[in-house]
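> I'd like to ask some things about the structure below.
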Amino acid sequence: MGTAVVLAIVAGAVALAVRSMIRAKKAGRSVQCGGDCKHCGGCH
Numbered sequence: 566m567g568t569a570v571v572l573a574i575v576a577g578a579v580a581l582a583v584r585s586m587i588r589a590k591k592a593g594r595s596v597q598c599g600g601d602c603k604h605c606g607g608c609h
């Protein structure tokens, strides 16, 4: 039973992370780059 609970918590955390990355991509933000080209030298 404990394994199922831990698995559900981990799966929920992964789902939230993926959802956050999808929302960022749709909003035009990159997961790797914050869009601040002053710091990275222009990656896009």
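Residue numbering for the sequence shown follows my numbering, beginning at 566 and increasing consecutively.
Built from N, CA and C at the ideal position, the CB exists for glycine as well.
1. In whole angstroms, what is the alpha-carbon distance linking residue 579 and residue 587?
2. Considering just the uninterrupted stretch of the alpha helix (DSSP H) at residue 577, what are its terminal residues?
3. Quick check: what's the CA-CA separation for residue 571 versus residue 591?
If we stick to the structure as given:
1. Locating residue 579 in the sequence shown gives position 14, counting from the first residue. Locating residue 587 in the sequence shown gives position 22, counting from the first residue. For residue 579 and residue 587, the distance between alpha carbons rounds to 12 Å.
2. Taking the sequence shown and counting its residues from 1, the one referred to as residue 577 is at position 12. Counting along the chain, the alpha helix (DSSP H) containing residue 577 begins and ends at 567-591.
3. Along the sequence shown, read from residue 1 onward, the residue named residue 571 stands at position 6. Along the sequence shown, read from residue 1 onward, the residue named residue 591 stands at position 26. Straight-line Cα distance between these residues: approximately 30 Å.
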